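Protein chains in written order, with my numbering: chain A, -19 to 191; chain W, -19 to 191.
Beta carbons are placed, not taken as given, at the ideal position from N, Cα and C, and that holds for glycine.
All values reported here derive from a predicted model rather than from experimental measurement.
There are 2 protein chains.
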Amino acid sequence: MQIAVLLFPDVDPQDVVGPYEVLRWIPGAQVVFPATARGALPTERESLALVANRTLAEVERPDVVVVPGGAGEGRARQDAAILAWLRRVHETTSWTTSVCTGALLLGAAGILRGKRAVTHWMAMDELAQFGATAVAERYVFDGKVATAAGVSAGIDMALALATRIAGPEVAQGIQLGIEYDPQPPFDAGSPAKAPAPIVDMVRSTLRAAAA
Amino acid sequence: MQIAVLLFPDVDPQDVVGPYEVLRWIPGAQVVFPATARGALPTERESLALVANRTLAEVERPDVVVVPGGAGEGRARQDAAILAWLRRVHETTSWTTSVCTGALLLGAAGILRGKRAVTHWMAMDELAQFGATAVAERYVFDGKVATAAGVSAGIDMALALATRIAGPEVAQGIQLGIEYDPQPPFDAGSPAKAPAPIVDMVRSTLRAAAA
């Protein structure tokens, strides 16, 4: 089973690695990282670089596609080769998925039309333009399309996907292997739970970072 | 404030990216990725490669050190240059930290002697040989040394560290920014919670993967 995790410049590295860390343990999984060209790609803020080990053309019929988001998503959405690749591989995937603002890339490719979907909480308003219905859940499965909320939600979505692909025993084994017994020091992980001044601060910070 | 996340071949990528994703949002943080040489390094199973952007010699006085673990940790522990670097930078760090079996690297460098510490649940028995007291918590702070449990625990440890460095408002903002409102589909993330047959399966799988 081939799993393709799309890369592009200024991708959010956690969007990439969270699902990868889960899905790579599915028995028989082979994970590849396609981009428009092979080689090292900077992630957000040009600190950690990830290496694309396939071109888009080299990944023709992946069983699973994972589309991450991040600061570079807006530019990736302007890349006709990426959108064409997403449309083409989606025809034969078993699962087409996104994390965070990767949902907007799926949307731009026409894949979310008529679908229920989720993305990072700050980008929820943008889903409607692609004909999607925004649903404020941790992750949303609609047919073979699965979308996850912001960044860290990719781990939860991937565990749910591993359950569908390989069954609950395998998924629980993966969860135990990565010791995913989350104990965040605060209950501030969604705009509904975080104090209002924190929500305002994050809106300003992320808007500035995206500018 | 310079934050150095150590890289080595066959590191676990989530051990690297989880703390990075949190700590990079601390105001004034500059995150670097040192290794014995600059360039792309394979992570576990040779799929995703991460790029080291500094040599060890180029990172002389980091304020924070993060030591990840993974399948390559055993070989990294045999690398005298890595152990010498850890000992040297630990003299002047504000915080010296590890994720997963990265704690064993800290232990081999002599940094855990007399300390309370945690590591991946499968490696807890190995801490005693380094003079550390194993504590089955999500993360443990002892003086300026912080250790996290397996893989995904690096996110929780990094949020706790961000709180100590920059205060609870900043840490809550980071948590909201990465939408860390975890909702794993199972409650199987620790050996105390997972069904016994799942624990046995994971022991076998991870031992085979490490061999």
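Using DSSP with H/G/I as helix, E/B as strand and the rest coil, what is residue i?
i	result
R34(A)	strand
S184(W)	helix
Q58(A)	coil
A64(W)	helix
V47(A)	strand
A(-16)(A)	strand
V79(A)	coil
A189(W)	helix
V(-9)(W)	strand
A88(A)	helix
V11(W)	strand
M52(A)	Checking the sequence shown, residue 52(A) turns out to be Gly, not Met. Here G52(A) sits in coil by DSSP.
G19(W)	strand
A29(W)	strand
V179(W)	helix
V(-4)(A)	helix
E1(A)	helix
V39(W)	coil
Only counting the same chain, and skipping five residues up and downstream in sequence, which positions put a Cβ closer than 6 Å to that of residue i?
i	result
R34(W)	V12, P14
G(-2)(A)	G134, I135
V31(A)	A20
V125(A)	T76, K95
V46(A)	V(-15), P(-1), T77
T143(W)	A151
H70(W)	T76, I91
M181(W)	none
W65(W)	L36
G52(A)	F(-12), P(-11), D(-10), V(-9)
R41(A)	T72
V120(A)	R96, A97, V98, T127
Shortest alpha-carbon distance to residue i belongs to which of the options?
i	options	result
R187(W)	A103(W), D43(W), E71(W)	A103(W)
S27(W)	A51(A), S27(A), R41(A), W5(A)	W5(A)
Q109(A)	D59(A), F121(A), E1(A), L92(A)	L92(A)
I154(W)	E38(W), L3(W), C80(W)	L3(W)
T73(A)	L(-13)(A), Q(-18)(A), A189(A), P171(A)	Q(-18)(A)
I145(A)	E38(A), P22(A), D43(A), A(-16)(A)	D43(A)
Y160(W)	A172(A), V150(A), L156(A)	A172(A)
G54(A)	L66(A), D(-5)(A), P22(A), A88(A)	A88(A)
A189(A)	D(-10)(A), E71(A), A176(A), V79(A)	D(-10)(A)
F(-12)(A)	H70(A), R68(A), G50(A)	G50(A)
P22(A)	V46(A), D(-8)(A), V45(A), V39(A)	D(-8)(A)
A184(A)	V150(W), H70(W), S170(W)	Before going on, a small fix: residue 184(A) reads as Ser here, not Ala. Of the listed residues, the one whose Cα sits closest to S184(A) is V150(W).
R118(A)	G169(A), H70(A), T143(A)	G169(A)
A116(A)	G147(A), L141(A), A140(A), C80(A)	C80(A)
A9(W)	V120(W), L141(W), R67(W)	L141(W)
E38(W)	A174(W), G52(W), L156(W), R68(W)	R68(W)
P48(W)	P175(W), P177(W), V(-4)(W)	V(-4)(W)
P7(A)	E40(A), R41(A), G147(A)	G147(A)
To which residues of the same chain is residue i closer than 7 Å at the C-beta, ignoring the five residues directly before and after it?
i	result
A61(A)	T16, L36
E1(A)	I158
A138(W)	G(-2), P(-1), V2, L3
Please work out which residues of its chain come closer than 8 Å, Cβ to Cβ, to residue i, disregarding the five sequence neighbours upstream and downstream, and give them in chain order.
i	result
D105(W)	A114
D122(A)	K95, R96, A97
Q(-6)(A)	V131, S132, G134
V179(W)	P171
A112(W)	A83, G87, L92, R93, G94, K95, R96, A97
P175(W)	A168
A29(W)	A20, L21, P22, T23
Residue i versus chain B: which residues are under 7 Å apart at the beta carbon?
i	result
Q163(A)	Of the protein chains in this structure, namely A and W, none is chain B.
(request) Quick one: which unbroken alpha helix (DSSP H) runs of 4-plus residues sit fully inside the region 96 to 170 of chain A? Chain order, please. (result) Listed in chain order, the alpha helix (DSSP H) runs fully inside the region 96 to 170 of chain A are 133 to 146, 148 to 157, counting runs of at least 4 residues.
(message) Under 8 Å, with one C-beta from each stretch per pair, do the region 88 to 102 of chain A and the region 114 to 130 of chain A reach the 3-pair mark?
(response) Between the region 88 to 102 of chain A and the region 114 to 130 of chain A there are three or more C-beta pairs closer than 8 Å, enough to call the two in contact.
(message) Quick test of the definition: if touching needs 3 or more C-beta pairs under 8 Å, does the region 149 to 165 of chain W touch the region 80 to 96 of chain W?
(response) Put simply, the region 149 to 165 of chain W does not touch the region 80 to 96 of chain W. Fewer than three CB pairs are less than 8 Å apart.
(message) I'd like to know if the region 53 to 68 of chain A and the region 49 to 66 of chain W are in contact, where contact means that at least 3 CB-CB pairs between them fall below 8 Å.
(response) Contact fails: fewer than three Cβ-Cβ distances are below 8 Å.
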